[in-house]
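Here the structure comes first, spelled out in structure tokens, and everything after it is commentary.
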Ligand SMILES: Cc1cc2nc3c(=O)[nH]c(=O)nc-3n(C[C@H](O)[C@H](O)[C@H](O)COP(=O)(O)O)c2cc1C
Ligand SMILES: Nc1ncnc2c1ncn2[C@@H]1O[C@H](COP(=O)(O)OP(=O)(O)O)[C@@H](O)[C@H]1O
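Numbering (full-length UniProt numbering), first residue to last: 1 to 313.
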């Protein structure tokens, strides 16, 4: 389990280790390679593996109108980093003073003084310091001068393209869940709170928990199969994202989850959803009965897809 440590509360347990600085949004397969490499070095030093991230993302301060929704919330990021072998996630509260440090000041203050790093692992496209003024060569010379071991990880590729959080965001925004899963190494997960809808779901035999306050990227409109996680229970789920054109003409986007093989009260509870497969687009049906027939077919096909993905795993 990765412990989240705000930089100002750092203790000796998280110092003198091997660090890797990044945003780690999604904690995809490329990040996993960095962490594995850091773990090998940390093993030799007998120190901790320390991921270092800025929260919020620097772009949220520098270009607030251009920030994309994130793939993961902080605790989820820590959980996934932990699965790859990270001991600590040190969180730097992003502020203008920090963003104004030159590359040399950034290295002296963060890497050497505060983290007392013995090793550092980064990709060749790593930039740091004010206006991204320091690159991997700058880092190499600062590490050489400071006696910090630097290991440069080769960027991970898939179909000859680099694996990146931006690429995964684009796939999820387009509803392409299978390729997104293969770049992430795990399904995309959202979380939210269950609120009241108009109470129509129960009447048609398919109650749906309506999710609100979602703080990560929501896939494009349509019908999906996946899993709903409530407390320590996990249920197969049919997910609908979009308006309800069969019943009204309002374009309001709803995120609705029908849990298969479940009956209970979910109002006001926190629910997480893992997306496995996309089934179809949202459409208008001529009658509620036609929608219900389609929902039954959707659920059959979701059960088959989930069974297939479980047997592959
Ligand atoms: C798997 C699934 C697929 C759905 N597909 C559609 C659809 O294609 N068109 C549509 O109008 N509503 C669709 N719905 C949404 C229903 O209209 C909606 O769940 C129902 O109106 C209940 O709304 P309520 O939770 O606000 O009571 C779908 C719901 C689920 C669970
Ligand atoms: N299998 C299930 N899947 C989803 N919600 C369920 C299920 N069984 C019971 N519920 C409850 O029913 C509610 C949804 O019923 P619904 O008639 O669609 O009402 P609403 O319009 O308020 O969402 C959920 O919020 C949850 O409390």
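We put the beta carbon where it would ideally sit given N, CA and C, even for glycine.
Contact check, residue i vs residue j under 8 angstroms by CB: the rounded distance?
i           : j           : result
residue 271 : residue 209 : 6 angstroms
residue 204 : residue 224 : That belief does not hold up - the Cβ atoms of residue 204 and residue 224 are roughly 19 angstroms apart, past 8 angstroms.
residue 301 : residue 273 : With 8 angstroms as the limit, residue 301 and residue 273 do not qualify as a contact, their Cβ atoms being about 18 angstroms apart.
residue 33  : residue 92  : With a Cβ gap of about 23 angstroms, residue 33 and residue 92 do not count as contacting.
residue 107 : residue 142 : 4 angstroms
residue 78  : residue 4   : 5 angstroms
residue 71  : residue 144 : That belief does not hold up - the Cβ atoms of residue 71 and residue 144 are roughly 35 angstroms apart, past 8 angstroms.
residue 94  : residue 56  : 6 angstroms
residue 267 : residue 194 : 6 angstroms
residue 183 : residue 69  : Not quite, the Cβ-Cβ distance comes to about 17 angstroms (not below 8 angstroms), so this is no contact.
In the DSSP assignment, what residue or residues form a beta bridge with residue i?
i           : result
residue 133 : Paired residue(s): none; residue 133 is not in a bridge.
residue 43  : DSSP lists no partner for residue 43.
residue 150 : 120
residue 212 : 193
residue 272 : 191 and 229
residue 162 : 157
Might you give, ordered along the chain, the residues of its own chain that have their beta carbon closer than 7 angstroms to the beta carbon of residue i, omitting 5 neighbours on each side?
i           : result
residue 299 : 238 and 260
residue 110 : none
residue 185 : 28, 29 and 32
residue 15  : 115 and 116
Please name the residue in the options whose C-alpha comes closest to that of residue i.
i           : options               : result
residue 29  : 310, 146 and 84       : 84
residue 174 : 157, 241 and 52       : 241
residue 148 : 248, 18, 245 and 276  : 18
residue 234 : 161, 65, 275 and 202  : 275
residue 315 : 82, 228, 46 and 282   : Outside the modelled stretch of the chain, which goes from 1 to 313, sits residue 315, for which no answer is possible.
residue 10  : 248, 87, 102 and 247  : 87
residue 146 : 121, 41, 104 and 207  : 104
residue 13  : 49, 23, 304 and 218   : 49
residue 191 : 43, 295 and 231       : 231
residue 40  : 121, 69 and 1         : 121
residue 245 : 206, 285, 188 and 236 : 285
residue 304 : 283, 277 and 189      : 277
Who are the near neighbours of residue i in its chain, counting only those whose CB is closer than 6 angstroms to its CB and skipping five residues on each side?
i           : result
residue 126 : 136
residue 171 : 179 and 180
For residue i, I'd like the list of residues in its chain whose CB is within less than 8 angstroms of its CB, leaving aside the five on either flank, ordered along the chain.
i           : result
residue 75  : 4
residue 118 : 16, 17, 18, 45, 47, 148 and 149
residue 58  : 94 and 99
residue 329 : The chain is shown only over 1 to 313; residue 329 falls outside these bounds and no answer can be derived.
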